[in-house]
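This is the structure:
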């Protein structure tokens, strides 16, 4: 059995002193936990094998939200490895024999759904208030209607237009239909 140690700090000014624990292979990252692209995390997941353990000092070092946490734990467990959070004394084993661990992971999943719902509600409320003040404009259009019209007038077909503009062909058809109406 090998022990992978995942250690993360959010910025170069921080140090790893409190995350000092023995491991076979260390995977150290200096990046925000909210970032999706974490090369050392991906490298660690590739490195672990059946029967290995992943040790992390604290849950917040592995993920900043519960949905990501659950996803990462499941990816590691799918490889037959166990995840152990040292400061919280939590263990998520690859085997399904421990009903308490399964319950904990399911609770994490439930909390993740709840967290996401609350975030979306707050976002909707914030957008509504911004609209009332006249400061919310929505996102910028991703489709250049004028470019589609110009390319169509030049004799290009929908597939060629879609490829050239990097959009879906259905989007081209939708614009062409709305323009001709």
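Residue numbers (my numbering): 64 to 244. Where a beta carbon is used, it is the ideal one built from N, C-alpha and C, also for glycine.
Below 8 Å, can you find three or more Cβ-Cβ pairs linking the region 84 to 91 to the region 101 to 114?
The region 84 to 91 is in contact with the region 101 to 114.
Provide the residue span of the alpha helix (DSSP H) that contains residue 199, from first to last.
Residue 199 -> no alpha helix (DSSP H), and no H or E assigned at all.
Tell me, please, which residues DSSP counts as bridged to residue 145.
The partner list for residue 145 (beta bridge, DSSP) reads 116.
Short of 7 Å in beta carbon distance, which residues of its chain neighbour residue 236, apart from the five on each side in sequence? Order them along the chain.
Counting only Cβ-Cβ distances below 7 Å, and skipping sequence neighbours, we find 221.
Can you check whether the CB of residue 117 is closer than 7 Å to the CB of residue 67?
Yes, these two residues count as a Cβ contact at 7 Å.
For residue 134, which of 234, 176, 71, 72 has the nearest alpha-carbon?
Closest by alpha carbon: 176.
Helix, strand or coil for residue 238? Go by DSSP, reduced to three states.
Helix, per DSSP.
Near residue 212, what residues of its chain come up, given a Cβ to Cβ distance below 7 Å and the 5 sequence neighbours on each side ignored?
Excluding sequence neighbours, residue 212 sits near 242.
Are the Cβ atoms of residue 150 and residue 121 separated by less than 7 Å?
Yes.
Cα-Cα, which of 111, 125, 195, 162 is closest to residue 73?
Among 111, 125, 195, 162, the Cα nearest to that of residue 73 is on 125.
Kindly list the residues whose CB is nearer than 6 Å to the CB of residue 193, restricted to its own chain and excluding five residues on each side of it in sequence; keep chain order.
Contacts found: 199.
First and last residue of the alpha helix (DSSP H) that includes residue 222?
Element bounds for residue 222: 221 to 228.
With distances taken from CA atoms, which of 123, 158, 188, 113 is nearest residue 142?
Residue 142 has its Cα closest to that of 113, out of 123, 158, 188, 113.
What does residue 194 pair with, by DSSP beta-bridge criteria?
In DSSP, residue 194 forms no bridge with anything.
Please report the residue range of the alpha helix (DSSP H) in which residue 124 lies.
Run containing residue 124: 122 to 125, per the alpha helix (DSSP H) assignment.
What are the start and end residues of the beta strand (DSSP E) that includes residue 67?
Here the beta strand (DSSP E) through residue 67 covers 66 to 72.
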